[in-house]
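Counting with numbering that gives the first Met the number 0, you get residues 0 to 95 for the letters of the sequence shown. Every residue gets a Cβ at the ideal spot worked out from N, C-alpha and C, and that includes glycine. One structure below.
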Amino acid sequence: MLKVDIAPEAARYIQSKGGEIIIFRGTLSGCCGGTLPSPDMELGHPRRPLDNYSVENRTGITLYIDNELSAYNGRAEVTLGKNLWWSSLSFKYYED
0 MLKVDIAPEA
10 ARYIQSKGGE
20 IIIFRGTLSG
30 CCGGTLPSPD
40 MELGHPRRPL
50 DNYSVENRTG
60 ITLYIDNELS
70 AYNGRAEVTL
80 GKNLWWSSLS
90 FKYYED
């Protein structure tokens with residue numbers, strides 16, 4: 000099962016943006032046309048029915064993990080990057 004770590008400053012940012020984050024099966028693509036399935040994330044409430052997700056409540060954040068990721072072993076990190084007045088979330092996935 001995918002383990003998701005959310006850094007404290009990222010958690011505060013997510014809370015300020017509504018407090019919901021979705022981890023889903025995304026696709027990485029390269030310059031030569033190949034694709035590779037990989038977990039990805041976005042802020043907000045899921046567009047699909049909630050029975051497609053496992054739901055975790057963490058200190059003011061609702062984390063929706065897509066059931067398609069149940070076979071993914073490894074961990075994901077959500078961190079916050081800052082540049083002067085600009086902040087953005089960063090998502091990294093590490094396979095076991």
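_Relative to the C-alpha of Pro38, which candidate in Asp50, Ile21 and Leu49 has its C-alpha closest?_
Residue Ile21 is the option with its Cα nearest to Pro38.
*Considering only residues of the segment 11-40, which uninterrupted beta strand (DSSP E) runs meet the minimum length of 3 residues and lie entirely inside it, listed in chain order?*
If we require 3 residues or more, the beta strand (DSSP E) runs fully inside the segment 11-40 come out as 19-28.
*Would you decide whether Val54 is buried or exposed? Buried here means 16 or more other CB atoms lie within 10 Å of its CB.*
Exposed: under 16 other Cβ atoms inside 10 Å.
_Quick check: the Cα distance between Glu94 and Tyr71, rounded to an integer number of angstroms?_
Going by the C-alpha atoms only, they are around 8 Å apart.
*With DSSP run on the structure shown, which of helix, strand or coil describes Leu79?*
Three-state result, Leu79: strand.
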